[in-house]
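Quick note: the working numbering has the sequence shown finishing at residue 604, numbered continuously throughout. We put the CB at the ideal spot given by N, CA and C, even for glycine. Here the structure is a predicted model, which is why all the values come from computation and not from measurement. Heads up: the structure comes next, in structure tokens.
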Amino acid sequence: MFITIGVLLVLIGMILIWFHIPYSPVTRGFQNDIDALMSQNQLQINNKVFTEEDFSSLPAAIQKYVQGCGYIGTPKMSYLKMEYHNVDFSQGKSGPTLKIDYTQYNFISEPCRMALIDSSMFGIPFEGYDYYQNGTGGMKGVIAKAITLFDQTGTDMDKACLATFLAESLFAPTILLQDYITFEEINDFEVRATITYGGQTASGIFTFNEQYEMISFTTNDRAVAGTDGSMEYIPWSAICNEYQLFPSGIKYPTKFQAVWNYPDGDFVYFDGVISEVSYGHEQ
């Protein structure tokens with residue numbers, strides 16, 4: 322009996338050590354993917370900085386956004402990195418709300434988005450990996466650094482991930498100049514954007530305020546996964562506000578929400594403050 326108790330205590334000790342050491346297979350895999358993408362997704366940029374002429378064929382609202390946010394004269398980026406800390410993240414309308422750290426990279430030569438969720442559930446590490454690469458999207462959740470809770474893939478997920486990439490395109494204006502994206506002016510403060518890649522097309526509407534800060538993106542091209550694994554298309558919105566001017570001379574929103582617009586009311590499942598925005602540029 323004492324031997325059994327001793328073995329159990331050793332196992333519990335080993336599990337606790339595993340939970341608390343910095344190493345994680347998910348995090349390591351994410352970083353390996355990012356390192357590879359940084360070398361693979363290089364843009365061939367002849368003119369190294371943004372000019373007004375670059376955006377002259379785009380709707381006026383986008384031109385005013387790019388100018389007002391300070392991008393003109395700054396280097397063109399080949400990828401975007403955004404970080405959030407202590408985000409309120411809900412696991413579905415009836416699921417728990419977690420505090421998460423969220424790190425994402427958006428690569429531009431081809432639509433590509435990688436994001437890592439770092440959190441815990443009841444003291445047990447929980448990690449999520451959202452990915453969109455080569456036209457394939459997915460969302461994977463891992464608990465205790467080793468046990469896969471879910472791994473959602475399929476054409477609906479491909480389209481949802483492409484729509485998410487589109488929603489964030491204004492944060493990295495090099496995206497706006499790529500052939501895979503087009504724009505249509507609706508009125509002075511609304512622009513419809515469409516992205517086509519990997520056999521999928523997604524579209525949505527950007528809305529700007531009177532200062533031509535982008536305050537929302539709405540789309541019908543994202544599906545939400547049900548508890549039974551089914552996918553249902555629900556209107557989805559990304560809400561941005563509280564723009565601030567950063568030392569780089571660029572103005573960004575500091576608050577970001579992701580919202581499912583259900584018929585019975587909006588459900589905010591991602592409510593965070595943008596901690597840092599940075600870019601990778603051509604050497």
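- Residue environment analysis places THR503 among the exposed positions, since fewer than 16 neighbouring C-beta atoms fall within 10 angstroms of its C-beta.
- Judged by DSSP secondary structure, GLN384 falls outside any beta strand (DSSP E) and instead within the alpha helix (DSSP H) spanning 381-389.
- Between ALA467 and PRO446, the alpha-carbon positions lie close to 10 Å from each other.
- In the three-state scheme derived from DSSP, where H, G and I count as helix and E and B as strand, ASN562 is classed as strand.
- Membership of ASP585 in any alpha helix (DSSP H) is not indicated, and neither H nor E is assigned to it by DSSP.
- Here the alpha carbon of HIS602 sits roughly 11 Å from the alpha carbon of ALA493.
- In the three-state reduction of the DSSP assignment, ARG543 falls in the coil class, being assigned neither a helical nor a strand state.
- A contact is defined here as three or more CB-CB pairs under 8 Å, and the segment 344-361 meets this definition with respect to the segment 444-459.
- Shortest Cα-Cα distance from GLY394 to any of ILE429, THR495, THR539 and TYR426 involves THR495.
- Look at the beta carbons and you see the segment 395-412 not touching the segment 377-385: under three pairs across the two are nearer than 8 Å.
- Residues of the same chain with a CB within less than 6 Å of the CB of ARG434, apart from the 5 flanking positions on each side, are ASN427, TYR453 and PHE486 in chain order.
- Straight-line spacing of the CA atoms in ILE429 and SER415 works out to 36 Å.
- Remark: fewer than three beta-carbon pairs, one from each stretch, lie closer than 8 Å, so the segment 407-421 and the segment 555-566 are not flagged as touching.
- For PHE351, the enclosing alpha helix (DSSP H) begins and ends at 346-361.
- Going by DSSP, THR469 is part of the beta strand (DSSP E) stretching over 468-473.
- When beta bridges are read from the DSSP output, CYS433 appears opposite PHE428.
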